[in-house]
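Q:
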Amino acid sequence: MKHCISEKQVIAFLREAEAGLPAWNLCRKLGFNDDNGRSCAVGSARLDGKRVSRSSGYSQGGKCMTSRFSAFMFSMLLLSAGCRAASWPCHDSVREGEQARSTALQALACQAHSHRLVLLGELHGTVESPALLADLLRAQPAARPIRLGLEWPVGLQSKVDSYFHSSGTSADRAAFAVGRDWSSTYDGRMSRAWLMLIDTVRDLRRQGRDVQVFTMEPNYGSPAQVAAAGGFVRVKEAGMARAIDAQLKLAPPDALVAALVGNYHVRTAPNWPDPTSSLAYRLSADHPLLVLPQSEHGTFWAIVPPHHRASVQTLHGKAAPLPANDVVVQTVPGAPDGVVAYGLLLPTFTASPHP
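Residue numbers (the working numbering): 1 to 355.
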């Protein structure tokens with residue numbers, strides 16, 4: 001069956017293009033997937049895209065026009081907009097409900113092809129969440145550049161670079177960890193699992209892929225400066241958003257920027273404090289794919305009162321645990337416009353201590 005597009009739809013398409021709506025959104029409205037973000041023009045509109053491989057009918061006055069000329073004209077429109085037929089159905093491939101982890105992972109990796117930005121919001125200090133992001137990055141096309149952002153202080157960038165370019169031996173890990181008391185200064189962000197995530201992207205780099213790692217937590221300034229800027233959380237989230245935005249601008253247009261942060265920093269629910277400060281809202285115009293791993297069972301590594309020292313904490317869920325290789329996928333309600341958000345309920349979490 002031909003895909004019939006009316007004259008009214010084409011006119012609306014062009015008007016939205018001229019208003020600046022990204023090709024990512026335009027193409028999905030018409031049932032196509034946008035390509036890799038290269039710039040081109042439709043009339044006076046600047047869009048992101050490259051090519052099309054789907055012929056379409058064009059209708060006028062309610063009648064579907066299937067002549068070669070009209071099909072050619074509409075194909076040229078899609079060509080300029082950067083729309084293409086999906087190699088598999090990425091637009092609606094993520095299925096809600098309980099399913100095999102491998103099935104959910106393949107669907108999310110497919111979905112990520114239509115996004116330049118992936119935000120993974122985790123409960124810090126687990127093995128499973130960084131491993132999930134590692135699997136999503138491995139599943140990206142081999143030619144696609146990757147920029148991995150970590151919720152670590154920008155002052156650690158040189159240490160991160162040294163470890164990323166090292167062999168990843170136990171001695172290299174020890175060199176990374178030396179000089180800091182990870183158990184009292186940092187929460188579960190500074191975990192062995194995060195270093196294993198760097199090990200994964202290092203392996204991708206050794207395979208010849210274009211991969212870089214960047215840190216995001218800003219320098220805060222004086223207490224007075226923090227207070228004037230709205231408090232610690234707003235300063236942190238504004239700084240991380242700037243770091244991600246800089247990567248989106250500097251990276252090749254077909255790159256995937258993936259950021260691993262605490263789930264609080266990608267909050268979307270209106271009943272949470274200051275939700276519009278979160279990265280999900282600050283970066284909504286970049287149409288991120290938001291992934292939120294969760295579990296009701298297992299352990300995690302965190303700093304908790306009264307001793308304020310990192311240790312293993314236990315989750316005490318009441319629901320029966322899932323089978324070991326299954327997950328439950330759910331659409332996250334209340335996500336900002338432009339954000340595609342999924343929660344992944346995992347069978348269990350496993351605590352990942354500091355290096």
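Ideal Cβ positions, reconstructed from N, Cα and C, are used throughout, including at glycine.
Around the Cβ of VAL327, are there at least 16 other Cβ atoms within 10 angstroms (buried) or fewer (exposed)?
A: buried
Q: Would you call the segment 246-253 and the segment 118-132 in contact, with 3 or more CB pairs under 8 Å?
A: no
Q: Whose C-alpha, out of GLY208, ARG206, VAL213 and GLN207, is nearest the C-alpha of LEU197?
A: VAL213
Q: Could you tell me if LEU289 is buried or exposed, where buried requires 16 or more neighbouring beta carbons within 10 angstroms of its beta carbon?
A: buried
Q: How is ASP254 classed by DSSP in three states: helix, strand or coil?
A: Judged by DSSP in its simplified three-state form, ASP254 adopts coil rather than helix or strand.
Q: Between the alpha carbons of TRP301 and ARG242, how many angstroms are there, rounded?
A: 28 Å
Q: Could you check where the beta strand (DSSP E) with GLU98 kicks off and where it finishes?
A: 97-100
Q: Which residue comes first and which comes last in the beta strand (DSSP E) that contains TRP152?
A: 146-153
Q: What residue from SER114, TRP272 and SER311 has the CA that sits closest to THR299's CA?
A: SER311
Q: Can you say whether GLY343 is buried or exposed, counting buried as having 16 or more other CB atoms within 10 angstroms of its CB?
A: Buried, by the Cβ-count rule.
Q: Kindly indicate which three-state DSSP category ALA171 falls into: helix, strand or coil?
A: For ALA171, the three-state secondary structure derived from DSSP is helix.
Q: Suppose the cutoff is 6 Å on Cβ atoms and the five residues either side in sequence are ignored; what does the same chain contact list for GLY334 look like?
A: Cβ neighbours of GLY334 beyond the five flanking positions: THR268 and ALA269.
Q: The alpha helix (DSSP H) spanning LEU195 covers which residue range?
A: In this chain, the alpha helix (DSSP H) harbouring LEU195 covers 192-206.
Q: For my contact list, LEU119 and ALA259 are in at a C-beta cut-off of 8 Å; report their separation, rounded to the angstrom.
A: The C-beta distance from LEU119 to ALA259 rounds to 5 Å, short enough to meet the 8 Å contact threshold.
Q: Pair every Cβ in the segment 153-170 with every Cβ in the segment 94-108, then say whether three or more of these pairs are closer than 8 Å.
A: no
Q: For ARG309, which three-state DSSP category applies?
A: strand
Q: Apart from the five residues on each side of it in sequence, which residues of its chain come closer than 6 Å, Cβ to Cβ, to LYS63?
A: Its pLDDT being 42, under 50, LYS63 is placed unreliably in this model, and the coordinates cannot settle the point.
Q: Comparing C-alpha positions only, which one of ALA351, ALA134, HIS308 and ALA142 sits nearest to GLY208?
A: ALA142
Q: Going by alpha carbons, who is nearest to ASN219 out of VAL339, PHE232 and VAL211?
A: PHE232
Q: Exposed or buried, what is GLN225 when buried is set at 16 or more other beta-carbons lying within 10 Å of its beta-carbon?
A: exposed
Q: Round the Cβ separation of LEU346 and SER295 to the nearest angstrom and send it over; I've been treating them as touching at under 8 Å.
A: LEU346 to SER295, Cβ: 4 Å. Contact.
Q: Given a cut-off of 8 Å on the beta-carbon distance, is the pair VAL261 and GLY121 in contact?
A: yes
Q: Please list the terminal residues of the continuous beta strand (DSSP E) segment that includes TYR342.
A: 340-345
Q: Could you check whether HIS354 and SER191 sit closer than 8 Å to each other, using their CB atoms as the reference points?
A: yes
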